[in-house]
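Structure record follows, encoded as structure tokens.
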Amino acid sequence: MNTHRSLVRRASAVAAATTAALVVAACGSNGDSPAGHGGHGSKLPTASAPAAKGQHNTADVAFAKGMIPHHRQAVEMADLAPSRAKSADVKKLADEIKKAQDPEIKTLAGWLTSWGERVPADGAMDHSGHSGHGMAGMMTAEEMDKLKASSGKAFDTAFMDMMIKHHEGAVAMARTELADGAFPDARTMADAIITSQTAEITRMNNLLGRN
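Positions -25 to -1, 1 to 186 (mature numbering (1 follows the signal peptide of the UniProt record, and there is no 0)) are the ones given, in order, by the sequence shown.
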């Protein structure tokens, strides 16, 4: 009987100690104590969120806002090739340009949206007025009209001449992003643009017999 009472008392003491420990732990994890593991862990996501948003800077925004209308014009030019170009090489090149730059436009627009920035509207840089001349390598309205009015070999030559100038502008914009930008994905895209479009410039010069 005495043994039974002793066991009951021990069990009661253990239960009381456990309850006290839980109360102390709860008080320690309410965020008042910076040393508490619970408080430290709960603050990590909040602290890291601003850092993630802050990975881009004004150069990244300028790169995205400039490259979207720049790419759109390249795609517009490429869309003319199937019905106007004579050279199969030019048609293939135009198709490759469109397939490369269309997805990049969507990616760039996604970045701007996530940063709370306005995505340039379609036609915002429509080759008219001073806006078209403010972008490196952008074609003027007259140049685009000339390209649309040409066909056959004349189109092939005009298309490549204009696209070389256009690519050179994109490469310059991408180099600025690499020099001044902070957003890792934008810098990766800029590097890819430099590599791919420099290669296409060489390719077009070869087709024009300039190398």
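For each residue, glycine too, the CB sits at the ideal point set by N, CA and C.
Member of the options whose CA lies at the smallest distance from the CA of residue i
{"i": "M137", "options": "K61, M114, T173", "result": "M114"}
{"i": "T132", "options": "I72, R59, M164, E143", "result": "R59"}
{"i": "P57", "options": "D70, G156, R178", "result": "D70"}
{"i": "D77", "options": "Q48, G127, T33", "result": "Q48"}
{"i": "D120", "options": "F134, I139, H142", "result": "F134"}
{"i": "R140", "options": "M164, N180, S126", "result": "At residue 140 the sequence reads Lys, which differs from the Arg that was named. Of M164, N180, S126, the residue nearest in Cα terms is N180."}
Cα-Cα separation between residue i and residue j, rounded to whole angstroms
{"i": "A84", "j": "V94", "result": "6 angstroms"}
{"i": "E92", "j": "N186", "result": "42 angstroms"}
{"i": "T173", "j": "M110", "result": "18 angstroms"}
{"i": "K123", "j": "L55", "result": "7 angstroms"}
Cβ neighbour criterion (16 or more within 10 Å) applied to residue i
{"i": "L68", "result": "buried"}
{"i": "G184", "result": "exposed"}
{"i": "A147", "result": "exposed"}
{"i": "P159", "result": "exposed"}
{"i": "D35", "result": "buried"}
{"i": "G127", "result": "exposed"}
Where the alpha helix (DSSP H) containing residue i begins and where it ends
{"i": "A110", "result": "The amino acid at residue 110 is misidentified as Ala; the sequence shows Met. No alpha helix (DSSP H) contains M110, which DSSP labels as neither H nor E."}
{"i": "S89", "result": "63 to 89"}
{"i": "Q30", "result": "Looking at the DSSP string, Q30 is not in any alpha helix (DSSP H), and its letter there is neither H nor E."}
{"i": "F130", "result": "127 to 155"}
{"i": "L182", "result": "159 to 182"}
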